[in-house]
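Asker:
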Amino acid sequence: MEPVVYDETPLADYLRDNARFLEQFRYTIIASQLLSGHSLPGYRPPALKSPGSTSDNNDQTLLSTEGIIVSVVGALALAVFLSWALSSAPSHVTKRRLILVLIIAAAAVLVGQVFVRRQWLRYRREQALAEISTFITNSQNFDSATEATLSLVQEVELVSRGYRISVPLAPVSRLEDRTQSRKCIRLRKALKNAFADVLQTYNQVSDVVRGFAEQMELEKYYDMYDVSDFDISDSRLGFNAAEFDDLESLRTLKILAARFHTTRKMLLCALLALDANGEVKDLLRWTAAVESLQSVNTLTKSVFEKLQGILSEEESFPLPPTPQLPLTPGKERWRSQLRKLNSMSTGIRGLQAKLHLLREESDRALDDSNDISEMGPNLMSQYDSIGVDLRMLMAAWEEGRAALAQGIDRNEKRLSSISTLLSPASSLSGLTTIGEGGTADAFKALTGESPPASEIHDGEDDQEVFEAVAKPRPRSMLTREERIAKVKEEREQRASARQQMEATKGMLRELETVISLRPQKRASAPVGPRISL
1 MEPVVYDETP LADYLRDNAR FLEQFRYTII ASQLLSGHSL PGYRPPALKS
51 PGSTSDNNDQ TLLSTEGIIV SVVGALALAV FLSWALSSAP SHVTKRRLIL
101 VLIIAAAAVL VGQVFVRRQW LRYRREQALA EISTFITNSQ NFDSATEATL
151 SLVQEVELVS RGYRISVPLA PVSRLEDRTQ SRKCIRLRKA LKNAFADVLQ
201 TYNQVSDVVR GFAEQMELEK YYDMYDVSDF DISDSRLGFN AAEFDDLESL
251 RTLKILAARF HTTRKMLLCA LLALDANGEV KDLLRWTAAV ESLQSVNTLT
301 KSVFEKLQGI LSEEESFPLP PTPQLPLTPG KERWRSQLRK LNSMSTGIRG
351 LQAKLHLLRE ESDRALDDSN DISEMGPNLM SQYDSIGVDL RMLMAAWEEG
401 RAALAQGIDR NEKRLSSIST LLSPASSLSG LTTIGEGGTA DAFKALTGES
451 PPASEIHDGE DDQEVFEAVA KPRPRSMLTR EERIAKVKEE REQRASARQQ
501 MEATKGMLRE LETVISLRPQ KRASAPVGPR ISL
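Taken in order, the sequence shown gives residues 1 to 533; the numbers are from UniProt numbering.
1) Answer yes or no: do SER235 and THR252 have a C-beta to C-beta separation smaller than 7 Å?
2) For residue 544, which residues of its own chain have a beta-carbon under 8 Å away from its beta-carbon, when the five flanking residues on both sides are left out?
3) Roughly how many angstroms separate the alpha carbons of MET266 and SER139, rounded to a whole number?
4) Can you check which of these residues, VAL109, VAL227, TYR202, is closest to PHE239 by C-alpha distance?
5) Just verifying my parser: in three-state terms, what is the DSSP assignment at CYS184?
6) Let's see if you can read the secondary structure: which residues bound the alpha helix (DSSP H) around GLU219?
7) Given a cut-off of 7 Å, decide if VAL290 and GLN127 are closer than it, judged by their beta-carbon atoms.
8) Taking DSSP as the reference, what is the three-state secondary structure of ARG391?
9) State the Cα-Cα distance for the pair MET249 and ALA196, rounded to the nearest angstrom.
10) Which whole-angstrom value is the C-beta distance of LYS354 and ASP389, which I expect to be below 8 Å?
11) Measuring CB to CB, does SER160 end up less than 7 Å from LYS183?
12) Whole-angstrom Cβ separation of TRP298 and PHE142, contact assumed at under 8 Å?
13) Assuming ALA276 contacts PHE115 (C-beta within less than 8 Å), just tell me the rounded distance between them.
14) Please return the same chain residues whose Cβ sits closer than 8 Å to the Cβ of ILE386, not counting the five positions on each side in sequence.
15) Beta-carbon separation of THR346 and ARG124 under 7 Å?
16) If SER295 sits next to VAL205, beta carbons under 8 Å apart, how far is it from one beta carbon to the other, in whole angstroms?
17) I need the straight-line Cα distance from ARG509 to SER336, nearest angstrom please.
18) Closer than 6 Å: is that where the CB of ALA148 sits relative to any heavy atom of the ligand FAD?
19) Note down, in chain order, each residue of its chain lying with its Cβ closer than 8 Å to the Cβ of VAL208, except the 5 sequence neighbours on either side.
20) At least one CB of chain B closer than 7 Å to the CB of GLU217: is that the case?
21) What residue does the alpha helix (DSSP H) around GLU243 start on, and which one ends it?
22) Can the beta-carbon of PHE304 be found closer than 7 Å to that of ALA145?
23) Near TYR221, what residues of its chain come up, given a Cβ to Cβ distance below 7 Å and the 5 sequence neighbours on each side ignored?
Below, the structure is given as structure tokens:
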């Protein structure tokens, strides 16, 4: 195809405007990197500001200086012409003049229609540039939120099963083992609902835009950005609850994420395949594109805000609302523990921000600076700042751990004292105190004699020390309701055992009282000496 040479004619200016708009629209989509891939967690570049958009809200007006001038001049010309054609003198109104008036009026209507259509098309194109910039911003924000949510869910599952994040990932079968309790239920449900909402709308919008696209161009972009027929058929399935056994598993969420990115690729390829040639269908084509972009922008923004709000709540430790009634000392201590956890979470996020800043400055210094030695002081100051944050985090961790250990010890002592009062040693005469003695006391209690001194010394010299290794405490697999029921059952068993013990003690006391109050037998009179005759 030979290159088009533009001259200074109005038609050349019109064609140049069409080519400039199409190039700007396509460049905005391609430079956003939304077509290059997906599932790449990390920093994303900010959205590109389209030169065609003059403000963030992208509210363009139909009125312009050129349009106002043309409207005023046209109205004045029409008024003068009608005044001349339809003057008060009837001799001036001739058949030729009337035909001339009708011809000029028809030409004015035709020119006005063309002018209005071009102005409206220009407005639609400005809207398209503004909406595609907003769409890129919303898409990048939504990608960041979904990738952060998936990463958080996967990391929490890894840590809860004893793995480390730095080591290679565990098999998915272990991460999705149903015998263990699943973590991040709220995040999983929010992510599943978000994908379910966007997949349906994106599929509908993609079908609408694809109907206005050039099919040859669309196939070319599909081939360029690796959108195969299998990907297209899979993305058209959307979200179907009957398709998956477990709707909130990591595998299902990743499949939904892949389908969403493929559907968005198809939409962007269809937008790239739209033509701008200034024909009659051009206004309808770009009106449909603008309305489609507006609908997906509204949906993507609302879904992103919901998901980001839930993610922010899960990453922090918000304090429960302060009740109107005064808190007990125990509850107040636990609220202070939540405050310490929240401060540690805030410190960790600040540390991550500083690490990101350090990486950006290091990359910039490596690219721009010729002398690498100049990076030393700046990097050292950044390292010192990170060290201060680490020391503050360690201090907060030690303080919180010490306070928690103190509270646990206090609670255990209180429970042990209560259990000691509830289960005393009993005998026929009531409570008894049993002291612990050594081996000499035990030998004396058994034989009534003291052991030889040599045996005592041998026993003291030959002391045995036993060591044991405690196995990890088995993790309870009961739910909250089952644990509550188990605690209630144990309380009832303890209460019944206590009542039985009290009844036994009362019966034994009564028996002891009866035995002590029983009258003794009279002593028989002594037998005197027998006298024999």
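Backbone N, C-alpha and C fix where the C-beta goes; we use that ideal spot for every residue, glycine too.
Answerer: So, from the data block:
1) Not in contact: SER235 and THR252 (Cβ atoms no closer than 7 Å).
2) Residue 544 falls outside the range modelled here, since the chain spans only 1 to 533, and no answer is possible.
3) Going from the Cα of MET266 to the Cα of SER139 covers about 14 Å.
4) Among VAL109, VAL227, TYR202, the Cα nearest to that of PHE239 is on TYR202.
5) In the three-state reduction of the DSSP assignment, CYS184 falls in the coil class, being assigned neither a helical nor a strand state.
6) Per DSSP, GLU219 belongs to the alpha helix (DSSP H) from 215–224.
7) In this structure, VAL290 lies closer than 7 Å to GLN127 by Cβ.
8) Helix at ARG391.
9) One point to set straight first is that residue 249 is Ser, not Met, in the sequence displayed. Those two C-alpha atoms are separated by around 14 Å.
10) Rounded to whole angstroms, the Cβ separation of LYS354 and ASP389 is 7 Å, and the two are in contact under 8 Å.
11) Going by C-beta atoms, SER160 is nearer than 7 Å to LYS183.
12) The residue you asked about is not Trp; residue 298 is Thr in the sequence shown. Between THR298 and PHE142, the beta carbon gap of about 13 Å keeps them out of contact (Cβ cut-off 8 Å).
13) Not quite, the Cβ-Cβ distance comes to about 18 Å (not below 8 Å), so this is no contact.
14) Result list for ILE386: LEU351, LYS354, LEU355, LEU358, in chain order.
15) Judged by their CB atoms, THR346 and ARG124 are not nearer to each other than the 7 Å cut-off.
16) That belief holds up - the Cβ atoms of SER295 and VAL205 are roughly 6 Å apart, short of 8 Å.
17) The alpha-carbon atoms of ARG509 and SER336 are separated by roughly 50 Å.
18) For the ligand FAD, the structure offers nothing, since it holds no ligand at all.
19) Within the same chain, Cβ atoms closer than 8 Å to the Cβ of VAL208 are found at ALA288, SER292, the five residues on either side in sequence being excluded.
20) No chain B appears in the structure shown, which is made up of a single protein chain.
21) That residue, GLU243, is in no alpha helix (DSSP H); it is neither H nor E in DSSP.
22) Yes, the pair counts as a contact, with Cβ atoms nearer than the cut-off.
23) Annotation for TYR221: CYS269, LEU272, ALA273 place their beta carbon closer than 7 Å to its own, counting only its chain and skipping 5 residues before and after.
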